[in-house]
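As given, the protein sequences belong to chains A, B, C and D, one line each in that order.
Residue numbers for the first sequence follow the working numbering, beginning at 28 and rising by one.
Residue numbers for the second sequence follow the working numbering, beginning at -18 and rising by one.
Residue numbers for the third sequence follow the working numbering, beginning at 310 and rising by one.
Residue numbers for the fourth sequence follow the working numbering, beginning at 333 and rising by one.
Heads up, the beta-carbon is just placed ideally off N, CA and C, and yes, glycines get one too.
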Amino acid sequence: MKIRASLGSGFTEVRVLMTHPMETGLRKDADGKIVPQHFIQNLTVKLNGKTVLDAQISQAVSRNPVFSFRLNGGAKGDKIEVSWLDNHGESAAIEAAVA
Amino acid sequence: MRFIAFAAALFASCAASAQDVGKEIQRYRQMVAEGSPAELFELQGEELWKKAQGPKNVSLERCDLGEGPGVLKGAYAHLPRYFKDADRVMDLESRLLYCMSTLQGRSREEATARVFGSADRPSEFELLSIYIAGQSRGVKIEPGLSQPKEKASYELGRALYFHRVGAWDFSCASCHGDEGKRIRLQELPVLYKPQYARPVMASWPAYRVSTSQVITLQWRMNDCYRQMRMPEPTFASETTVALIHFLTVTARGEPYHGPGNKR
Amino acid sequence: MLLVVLLASAAWADPTPQDIQGIMQRDFHPRGQATMDRVVQDGVQRVCTDTRDRPPPDLAKALEADQMKTIVYPEGGLMGDWKRGEAIAQSGRGLTWNDKAGDPAGGSCYNCHELSPHELSHGTIGPSLRRFGSTRGTGPEVQRYVYGKIYNAKAYNLCSQMPRLGDSGTLSAAQIRDLVALLLDPASPVNE
Amino acid sequence: MNHLRRTLLAALAFAIARPLAALAAWNKGAFTATTPGEALKSLGVGNAAASKDLHIEAPEIAENGAVVPIEISSAIAGTNALIVMIEKNPFPLTARFDFKEGALPFVKLNVKMGETSDVRVLAEAAGKYYSATKEIKVTIGGCGG
């Protein structure tokens, strides 16, 4: 999982890259077995500890999801945290400061 | 990977003319490139480069890719080239294989058991390639061409490019021979001409969004021969390296800007 | 500068098709139905490689005549079912190492040709075949020409890039008849 | 965007198990609805007025349905949520983004499309809903061989 944040004019563009198979439950693996559903359901973005974006996503989001968001203003040192939770209860989070 | 088995786009009126189609495909590729997770695979490649493996339990960090042991900056952009220690012209993947055996003590059989990976598990060569290629961003493509064996490899590659063979009588030029040609919606660059080879060779290896896979030039040679209805080219063989060498020489001078993103 | 001169005059140093055949025998290995006999060039492949697809006319005529003799016409009519023909034209399967020998192959026609106006995703390596039947007619001679051309395109144009779909064992007589219908049957979308 | 300064951040990637902030519960009903109408009903969305201020930036033709890039931005004052629907997907509701204090109503994401279809986006602003639609043609890319 990786964040890349860049300052725009008046906003900070945050790009998040996540490794996740986002299985739809409709795909068969090499030997013909259905691969069970496995996808991120909740995505949260926090700026300096405060939730600024709450997202619910589905298996229709592409594998290894990449999202871009825009946060108001933003300056050096702002702390951005992105976390996700999937339908298996697994989760991950990443934290970074705007350079 | 696909959500549902594909349905071809059968729709009532076929309003889009050829130019619109081409323009829209470019737009699709440009937007796909902006939102590509390729960087994640570069990170994994870096970890693998530093990971001790094989009977000698050593990492690849002392591997000499042509710019000196462990030197990554610009190494990819200067391959393929002649290596005195192996007395052979090598591309990145064949050189990595050489280091796996000499430094790590791994057998060819073990190291090449899975040279092409899957979306769930990329192969070592794919992860290492995308990481190492990324270390040549901005460096001009300048493969070796001064040594006698480098010239011979270039000439072999050129002859292979036009060699018609296989159950369907194809050569590389059958598809990559004339300007403005397409297979389905896939434009076919005329790779023996510098202006078309440059943008292509500056963007391999690449992340292919449709399969979520890292794809390398060794895979590309393998898969093209498969579609030429030929038997399989041996991984890192002289034939594959010579073809890659010919394409890279044809693209000389272009600053490398990969790893790229493909549909 | 030396380098440019070298490249320009490198033609004499290029390996010959025979050299390449030897290198391929060393650098390739069989996989699935893709066996090593395929690395051996036949006369057509050798001449077209040597002359970069521009064979001298008299040699081309002679070799085209040989290729014409390979075409086997089935008993009865040459027009099959255009609907099956559309499926064959869409399918890219056949003769690769991950196709199972014996499974029905496709003609890969849409890879190179425009056919039905409803298929946006078509190639441009071959000429557009839009309205082929409505412009060329659908009589027995045209049917015979189309059947023969699909069976062995090299009989009509020695160094054509079109595979010899019948001669190579890719398509059966029935499948070629269905493609003839796709091109010539007035009801086929190709002729809309 | 061209004045965008690209700054690569040091990325600390770690999997944590610490409790996550109170999450908007994943709306199972809406995400498992098999028609756009059903999905909207479970989201409690009434009729939505078409609006030119709700922009969908996406290619008209996607070479591949596995990854279709879509950029959505709303110029409707007070937009606090964006909803993405792909009409012809088996489960049309694809994503819902709730923007809190500090985030702009903008998102770029890659979605999967089973076939050529309309992409319908809804914006929620001050309790009212607005919509925009764009058709994306999905074809088979590559050599099909």
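Assign residue i to one of three DSSP states: helix, strand, or coil.
{"i": "Q176 (chain B)", "result": "helix"}
{"i": "T411 (chain D)", "result": "strand"}
{"i": "E384 (chain C)", "result": "coil"}
{"i": "E5 (chain B)", "result": "helix"}
{"i": "P236 (chain B)", "result": "strand"}
{"i": "K432 (chain D)", "result": "coil"}
{"i": "G241 (chain B)", "result": "strand"}
{"i": "T93 (chain B)", "result": "coil"}
{"i": "R87 (chain B)", "result": "coil"}
{"i": "K420 (chain D)", "result": "coil"}
{"i": "D385 (chain D)", "result": "coil"}
{"i": "L70 (chain A)", "result": "strand"}
Within 10 angstroms of its Cβ, does residue i collect 16 or more other Cβ (buried), or is it exposed?
{"i": "Q199 (chain B)", "result": "buried"}
{"i": "P63 (chain A)", "result": "exposed"}
{"i": "R363 (chain C)", "result": "exposed"}
{"i": "L474 (chain C)", "result": "buried"}
{"i": "Y460 (chain C)", "result": "buried"}
{"i": "G59 (chain A)", "result": "exposed"}
{"i": "N91 (chain A)", "result": "buried"}
{"i": "R347 (chain C)", "result": "buried"}
{"i": "H144 (chain B)", "result": "buried"}
{"i": "T229 (chain B)", "result": "buried"}
{"i": "H431 (chain C)", "result": "buried"}
{"i": "N442 (chain D)", "result": "buried"}
{"i": "N242 (chain B)", "result": "buried"}
{"i": "E5 (chain B)", "result": "buried"}
From the beta carbon of residue i, is the nearest beta carbon of chain C less than 9 angstroms away?
{"i": "Y206 (chain B)", "result": "yes"}
{"i": "D249 (chain B)", "result": "This structure cannot settle anything about residue 249 (chain B), because the visible part of chain B is limited to -18 through 244."}
{"i": "M71 (chain B)", "result": "no"}
Using a Cβ cut-off of 9 angstroms (strictly closer), state whether residue i contacts chain B.
{"i": "M377 (chain C)", "result": "no"}
{"i": "K390 (chain D)", "result": "It is worth fixing the name first, because residue 390 (chain D) is Ala in this sequence and not Lys. So, interface residue."}
{"i": "V348 (chain C)", "result": "yes"}
{"i": "K360 (chain D)", "result": "no"}
{"i": "I434 (chain C)", "result": "yes"}
{"i": "T39 (chain A)", "result": "no"}
{"i": "L441 (chain D)", "result": "yes"}
{"i": "I397 (chain C)", "result": "no"}
{"i": "I332 (chain C)", "result": "yes"}
{"i": "T465 (chain D)", "result": "no"}
{"i": "V399 (chain D)", "result": "yes"}
{"i": "S89 (chain A)", "result": "yes"}
{"i": "R42 (chain A)", "result": "yes"}
Between residue i and the rest of its own chain, which residues show a CB-CB distance below 7 angstroms, the 5 nearest in sequence each way excluded?
{"i": "K32 (chain B)", "result": "S40"}
{"i": "F22 (chain B)", "result": "P103, L108, I111, Y188, V195"}
Which stretch, first to last residue, makes up the alpha helix (DSSP H) that contains residue i?
{"i": "F203 (chain B)", "result": "According to the sequence provided, residue 203 (chain B) is Asn. The question's Phe does not apply to it. Its alpha helix (DSSP H) spans residues 198 to 208."}
{"i": "K458 (chain C)", "result": "449 to 460"}
{"i": "K392 (chain C)", "result": "391 to 399"}
{"i": "T221 (chain B)", "result": "219 to 231"}
{"i": "Q327 (chain C)", "result": "326 to 336"}
{"i": "R76 (chain B)", "result": "73 to 83"}
{"i": "K360 (chain D)", "result": "360 to 363"}
{"i": "I122 (chain B)", "result": "Taken as a continuous stretch (DSSP letters only), I122 (chain B) belongs to no alpha helix (DSSP H), as it is neither H nor E."}
{"i": "K463 (chain C)", "result": "Neither: K463 (chain C) is in no alpha helix (DSSP H) and is coded neither H nor E."}
{"i": "Q83 (chain A)", "result": "Unbroken run through Q83 (chain A) is the beta strand (DSSP E), 77 to 84; no alpha helix (DSSP H)."}
{"i": "D367 (chain C)", "result": "366 to 378"}
For residue i, which residues from the same chain have a beta carbon less than 6 angstroms from its beta carbon, with the 5 sequence-adjacent residues on both sides left out?
{"i": "E467 (chain D)", "result": "D450"}
{"i": "M209 (chain B)", "result": "G147, F151"}
{"i": "M445 (chain D)", "result": "G397, V400, I418, V470"}
{"i": "K73 (chain A)", "result": "E108"}
Who are the Cβ neighbours of residue i in its own chain at under 8 angstroms, not counting the five residues just before and after it?
{"i": "R139 (chain B)", "result": "Y173, F227"}
{"i": "A410 (chain C)", "result": "G341, Q342"}
Is residue i close to chain A? Criterion is C-beta to C-beta, closer than 9 angstroms.
{"i": "A100 (chain B)", "result": "yes"}
{"i": "K432 (chain D)", "result": "yes"}
{"i": "V190 (chain B)", "result": "yes"}
{"i": "G16 (chain B)", "result": "yes"}
Tell me where the beta strand (DSSP E) around residue i begins and ends.
{"i": "E23 (chain B)", "result": "Per DSSP, E23 (chain B) belongs to no beta strand (DSSP E); it is in the alpha helix (DSSP H), 19 to 30."}
{"i": "E40 (chain A)", "result": "38 to 44"}
{"i": "S449 (chain D)", "result": "449 to 457"}
Is the CB of residue i under 9 angstroms away from at least one CB in chain D?
{"i": "Q57 (chain A)", "result": "Correcting the residue identity first, residue 57 (chain A) is Ala in this sequence and not Gln. With 9 angstroms as the cut-off, A57 (chain A) does not count as an interface residue toward chain D."}
{"i": "Q166 (chain B)", "result": "Note on identity: in this sequence residue 166 (chain B) is Leu, with Gln being the wrong assignment. Answer yes: the Cβ-Cβ gap between L166 (chain B) and chain D drops below 9 angstroms somewhere."}
Kindly list, in the order they appear in chain F, the residues whose Cβ is closer than 7 angstroms to that of residue i.
{"i": "E395 (chain D)", "result": "Note that chain F does not occur in the displayed structure, where the protein chains are A, B, C and D."}
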